[in-house]
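Chains as they are written, first to last, in our numbering: chain H, 198 to 583; chain S, 198 to 583.
Protein chains: 2
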Amino acid sequence: MDNFKFHAYTEILFGKGQIQQLPAVLSKYGKNVLLAYGSGSIKKNGIYDSIQSLLSDFNVIDFADIEPNPHLATVERGRDLCLAHNVDVILAVGGGSVIDCSKVVAAATFYDGNAWDLVENSSKITKALPIVTVLTMAGTGSEMNKGAVITNTETQVKRGTGAWTTIPQTSIVDPTYLYTLPAKQTAAGSADIFSHVLESYFKRTPDAYVQDRMAEAILLTVIKYAPIAMVYPEDYSARANLAWASSLALNGILGSGKNGAWSVHPIEHELSAYYDLTHGIGLAILTPPWMRHILNEDTVDKFCEYGVNVWKLPSDMPRFDLANAAIDATETFFESLKIPMTLHEVGIDASKFEVMAKKAVELGGLAYAYVPMNEKDVVEILEACK
Amino acid sequence: MDNFKFHAYTEILFGKGQIQQLPAVLSKYGKNVLLAYGSGSIKKNGIYDSIQSLLSDFNVIDFADIEPNPHLATVERGRDLCLAHNVDVILAVGGGSVIDCSKVVAAATFYDGNAWDLVENSSKITKALPIVTVLTMAGTGSEMNKGAVITNTETQVKRGTGAWTTIPQTSIVDPTYLYTLPAKQTAAGSADIFSHVLESYFKRTPDAYVQDRMAEAILLTVIKYAPIAMVYPEDYSARANLAWASSLALNGILGSGKNGAWSVHPIEHELSAYYDLTHGIGLAILTPPWMRHILNEDTVDKFCEYGVNVWKLPSDMPRFDLANAAIDATETFFESLKIPMTLHEVGIDASKFEVMAKKAVELGGLAYAYVPMNEKDVVEILEACK
């Protein structure tokens, strides 16, 4: 096991009705609250009104229209609001995009230069406004970690950043808030959880046993509950298990003690930087071809472990048959969530494969992935996704 | 899934050599450090000297001789040291006893009345000195939670307490510090981890699926690595996996979302209150008889789940056969760790069964356990342990 620092200090208030605690939570920080949210679905489902009503004693500044794959320009807009209104705390109501954007806004408020500096170099983040979140989509895990992914639309660069100070102080996770999620978002969020787990599971560290068993626990949870949430969007058990699995998948428990770069996220970030693709959909498309690409004599045993422990395949199958069956099961699972499983279906052609591959290798450090990948590898994976 | 608050905010610095960070960690709080430790094993294995050398710029006040199952009188001694020396931070170097004791010392320093009040009524804990720990034994999980168990030797009452403020701020977990643990302590610590998991696993909440799969992950880790650590005490992988499993078993991940009282710990607390038995040994002795006592038509499916997922028993066995085989496997596992598996072997006779049963039911809330238990139930379980 590699050395690590684990510090997922977010207070999680989980369950139906936890929103009632919001005034007490926010009052620790002050009266000026930046209310960050997305396209307005929280106005349709009533969450916006609940919050406004609960916060009648606060000075609430609206920071609306945060887009999926949030843009640098939106971060700058949020920072300007914080400075203009002397904001004490950011209340991020949404999924990963809203929370990620809020993290960089929180840091940019204390930074004199261009906010993009903080995305390119996370060590420039020294201080951040406190962040409180109300989760409305399960998947990214952003409610319990320091990570934030921002897109610079001028340069078409999508990058991750984050510092220990950008971890949310409190996250309110009410599974009933996920009832109105469209099936496509439920599927994409579930694929995102699945992929976060796989990014940690397929690492070079050989003896992170407890992490790998915990990883399998979360995969089993997604496999059980994502299909239920697709068909019964108001199934509390399904929404609750997916929501908590989402936080646990990326709060450091699975990744701590396992160094090395991620494999699939860096490639997907290029897809959504260039095509504004839903992140989880891109991950689902890329995962089976990536698995097939890296399956070899060195990795086959790990795939067998995955097949037996997660997909309950018989351990006495020939090794490569077992590994391939596990990969096929992964693909079939994503298909069962009605995710389009080719780039063609989501309107992406081969014209930018080379430039995306180059940037994925460069920005994502794919040379340090579980199986190191160069541009040629990434192009081959993208070709297999056509 | 039941509503919950999760807030395991401890910063974990995990791995070989992390002790070097101690001066930076402590300097956040001040110069006056209460160094809490036990019987002196840290003087033999060099940890004490390392710490003294690292803390040459601090004012270190020794708080030695904290006994296993720490006493109220020891808490009072620690509190008096904190007050006399204007202590800024408590550095607890040891296992659960040292850390538990330090938690109540930390709270008692800000409390005007008798320290026992804080044990009897945790809501009286309003403020606590910051606590930093250096772990030297894996098992209790005290390094990452708020719980503390203290014994009042005058009344022979052993009780748990704790508040959000008594969670350690930082815990340094260096698996090489566990190399010198005697085999008996390795076994007892492993049984303690195992029991913590079972206390959460066997709860009435039906749909805490992700928690139960995570619980199994930790059981599998103990089953794999405890026997290795017994035979090869300097196996880094074994010590690292057991240490991290120990923290994860009781930092709230497994128990959050699953309300209800614990079953075995309340009974064991009586054994060690009256006989000063090593906690993990008592848990191992009690667990199989408790399981057999509560196995019935309502619980058999949970035992089958346990048997299939943890002990890899065939799922097509008749249900009660499968459940009993899982219980037998549990017993055999503890035996394989050379744990004496009867009360007779640890010098405990039946003379106090009734009084211990009465107190276990009363103080431990056994009426709210997975299968509710009364005094008669507890006596029957104790009889089966003879």
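Built from N, CA and C at the ideal position, the CB exists for glycine as well. All figures in this text were calculated on a predicted structure; none of them were measured in a lab.
Spatial neighbours of residue i in its chain, beta-carbon cut-off 8 Å, leaving aside the 5 residues before and after
| i | result |
| --- | --- |
| P424 (chain H) | S533, L534 |
| T271 (chain H) | D262, I263, E264, C298 |
| Q218 (chain H) | L210, I369 |
| K355 (chain S) | N266, V346, I347, T348, N349, H466, E467, S469, A470 |
| A325 (chain H) | K300, A303, A304, T306, F307, A360, T362, T363 |
| E396 (chain S) | G452, W459, S460, V461, H462 |
| E551 (chain S) | E572, V576 |
| P537 (chain S) | I478, I482, V543 |
| A440 (chain S) | F211, L332, A335, V370, P372, L375 |
| P569 (chain S) | L563 |
| P220 (chain H) | L251, L252, D254, F255 |
Environment of residue i [buried if 16+ CB atoms lie within 10 Å]
| i | result |
| --- | --- |
| V558 (chain H) | buried |
| E494 (chain S) | exposed |
| P463 (chain H) | buried |
| S548 (chain S) | exposed |
| H393 (chain S) | buried |
| K213 (chain H) | exposed |
| S453 (chain H) | buried |
| E208 (chain H) | buried |
| G386 (chain H) | buried |
| S319 (chain S) | buried |
| N283 (chain H) | exposed |
| L280 (chain S) | exposed |
| Q249 (chain H) | exposed |
| G243 (chain H) | exposed |
| D409 (chain S) | buried |
| E351 (chain H) | exposed |
Which listed residue (the options) has its alpha carbon closest to that of residue i
| i | options | result |
| --- | --- | --- |
| G336 (chain S) | S:K213, S:T363, S:G291 | S:G291 |
| T527 (chain H) | H:E551, H:W487, H:G544 | H:W487 |
| K202 (chain S) | H:N200, H:D199, H:V222 | H:V222 |
| D389 (chain S) | S:A412, S:E273, S:G479 | S:G479 |
| K343 (chain H) | H:K324, H:T363, H:L439 | H:T363 |
| A380 (chain S) | S:H204, S:Y429, S:P569, S:A522 | S:Y429 |
| R516 (chain H) | H:F530, H:D525, H:K240, H:K499 | H:K499 |
| T373 (chain S) | S:V407, S:Y433, S:T358, S:P403 | S:Y433 |
| V416 (chain H) | H:K583, H:E580, H:V505 | The sequence shown places Leu at residue 416 (chain H), rather than the Val named in the question. For the residues H:K583, H:E580, H:V505, the minimum Cα distance to L416 (chain H) belongs to H:V505. |
| L561 (chain S) | S:Y245, S:R274, S:T358 | The residue you asked about is not Leu; residue 561 (chain S) is Gly in the sequence shown. It is S:T358. |
| N311 (chain S) | S:E413, S:S294, S:D277 | S:D277 |
| I328 (chain S) | S:L231, S:L445, S:D574 | S:L231 |
| A598 (chain H) | H:T529, H:F530, H:E580 | Nothing about residue 598 (chain H) can be read from this structure; chain H reaches only from 198 to 583. |
| F530 (chain H) | H:L447, H:I239, H:M427 | H:M427 |
| S224 (chain S) | S:V257, S:D473, S:L447 | S:V257 |
| M411 (chain S) | S:K240, S:T475, S:G449, S:Y422 | S:G449 |
| T377 (chain S) | S:S238, S:R401, S:Y472, S:N521 | S:S238 |
| V507 (chain H) | H:A233, H:E413, H:M514 | H:E413 |
Cβ neighbours of residue i in the same chain (closer than 6 Å, five flanking residues each side left out)
| i | result |
| --- | --- |
| T330 (chain S) | A289, I296, E340, P365, S368 |
| I322 (chain S) | A304, L315, A360 |
| F399 (chain S) | Y567 |
| K556 (chain H) | E467 |
| D285 (chain H) | Y226, G227, N229 |
| N456 (chain H) | D199 |
| L519 (chain H) | C501, G504, L510 |
Beta-carbon proximity list for residue i, same chain, < 7 Å, skipping 5 on both sides
| i | result |
| --- | --- |
| K583 (chain S) | T539, L540, H541, A547 |
| E273 (chain S) | A312 |
| A442 (chain S) | I390, I415, T418, V419 |
Margin query: Tell me which residues of the region 439-460 of chain S have at least one Cβ-Cβ distance to chain H shorter than 8 Å, keeping chain order.
Written below: Result list: W441, A442, L445, I450, S453, G454.
Check: What are the uninterrupted segments assigned as beta strand (DSSP E) that are 3 or more residues long and contained completely in the region 322-392 of chain S, given in chain order?
Finding: With a minimum length of 3 residues, the unbroken runs of beta strand (DSSP E) contained wholly in the region 322-392 of chain S fall at 328-332, 345-349, 354-358, 367-370.
Check: Fully enclosed by the region 243-271 of chain S, which alpha helix (DSSP H) runs are 4 residues long or longer?
Finding: Correct list: 244-251.
Next item on the list: Report the residues of the region 384-407 of chain S with a CB closer than 9 Å to any CB of chain H, ordered along the chain.
Entry: So the list reads P403, D404, A405, Y406, V407, given in the order they occur along the chain.
Next item on the list: Report the residues of the region 358-386 of chain S with a CB closer than 7 Å to any CB of chain H, ordered along the chain.
Entry: For the region 358-386 of chain S, the set of positions with a beta-carbon nearer than 7 Å to some beta-carbon of chain H is empty.
Next item on the list: Output the residue ranges of the alpha helix (DSSP H) runs that lie fully inside the region 445-518 of chain S and measure 4 residues or longer, sorted by chain position.
Entry: If only uninterrupted alpha helix (DSSP H) runs of at least 4 residues are considered, those enclosed by the region 445-518 of chain S are 462-472, 476-491, 497-506.
Note to self: Using a Cβ-Cβ cutoff of 8 Å, what residues of the region 212-236 of chain H are near chain S? List them in chain order.
What the structure shows: Within the region 212-236 of chain H, the residues whose Cβ lies closer than 8 Å to some Cβ of chain S are G212, K213, G214, Q215, listed in chain order.
Next item on the list: Can you give me, in chain order, the residues of the region 285-297 of chain S that have a beta carbon less than 8 Å from any beta carbon in chain H?
Entry: Flagged: no residues at all.
Next item on the list: May I ask you to list, following chain order, the residues of the region 510-535 of chain S that have a beta carbon less than 8 Å from some beta carbon of chain H?
Entry: Answer in chain order: no residues at all.
Item checked: Interfacial residues, the region 339-355 of chain H to chain S, with Cβ spacing under 7 Å -> So nothing in the stretch comes that close.
Next item on the list: Give the residues from the region 538-568 of chain H that approach chain S closer than 9 Å (Cβ to any Cβ), ordered along the chain.
Entry: Cβ contacts with chain S: none found.
Next item on the list: Please go through the region 269-323 of chain H and give each complete alpha helix (DSSP H) segment of 4 or more residues, from N-terminal end onward.
Entry: Runs of the alpha helix (DSSP H) inside the region 269-323 of chain H: 269-282, 293-305, 312-317.
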